[in-house]
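A.B. asks:
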Amino acid sequence: MLKKLVITLLLLTHASLAFAANYIDPDEFKLMIQQKKDVIIVDIQPAGEFEQHYLKGAIETNAFPAKSAYEKQRLDKALPAINASSAPVVIVCPRGKSGAKNSYEYLLTKGIPENRLLILDGGIAEWPYKELLQHGR
């Protein structure tokens with residue numbers, strides 16, 4: 003019985019690690035922006051939402067929800083900038099959930115090291131620093 007419990011716990015731990023991702027807190031990201039640190043911002047919001055609000059310098063991909071192969075391929079637009087740099091890559095999603103995770107996992111398959119990939123926690127919906135948002139294109 004104990005052996006089954008240990009195996010179950012190990013399997014659950016391994017499964018949760020498979021869905022792990024690196025997140026960046028809005029406060030930390032704001033500091034990076036204000037300090038003008040080198041960062042690549044990959045924005046996956048749908049076109050209409052991107053036009054309403056985005057972070058300056060973001061690469062617009064409109065890949066949300068990044069489920070289908072077609073949506074994921076939209077992220078390829080950001081690959082030249084990502085590959086030309088060693089800067090961290092922050093994925094900005096409407097809410098920082100499944101679309102961001104799908105994008106994160108896709109970029110991993112494109113050879114982007116996991117230690118460079120970050121998801122903006124809470125996405126643009128929970129971004130508290132509205133004064134840093136751009137509007138229109």
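Numbering-wise, the sequence shown is residues 3 to 139 according to this note's numbering. Just so it is clear, CB atoms sit at the ideal spot from N, CA and C, and this is done for glycine as well.
What three-state label does DSSP hand GLN136 in the structure shown?
C.D. replies: Correct three-state label for GLN136: strand.
A.B. asks: Given TYR108, which residues of its chain have a CB within under 7 Å of its CB, disregarding the five upstream and five downstream residues?
C.D. replies: Within the same chain, TYR108 has close Cβ partners ALA68, LYS74 and LEU77.
A.B. asks: Please state whether the Cβ-Cβ distance between ALA80 and ILE61 is less than 8 Å.
C.D. replies: Cβ atoms of ALA80 and ILE61: closer than 8 Å.
A.B. asks: Can you tell me which of the three DSSP states ILE26 falls into?
C.D. replies: Looking at ILE26 - three-state DSSP - the assignment turns out to be strand.
A.B. asks: Whole angstroms is fine: what's the gap from LEU119's alpha carbon to VAL91's?
C.D. replies: So the alpha carbons of these two residues sit roughly 5 Å apart.
A.B. asks: Where does TYR131 fall in DSSP's three states?
C.D. replies: It is coil, neither helix nor strand.
A.B. asks: Taking the beta strand (DSSP E) that ILE43 falls in, what are its first and last residues?
C.D. replies: Its beta strand (DSSP E) spans residues 42-45.
A.B. asks: First and last residue of the beta strand (DSSP E) that includes ILE121?
C.D. replies: Taken as a continuous stretch (DSSP letters only), the beta strand (DSSP E) holding ILE121 covers 119-122.
A.B. asks: Under a Cβ-count criterion, where at least 16 other Cβ atoms within 10 Å of its own Cβ denotes burial, should THR63 be classed as buried or exposed?
C.D. replies: THR63 comes out buried.
A.B. asks: State yes or no: is the C-beta of VAL94 within less than 8 Å of the C-beta of LEU134?
C.D. replies: In this structure, LEU134 does not lie closer than 8 Å to VAL94 by Cβ.
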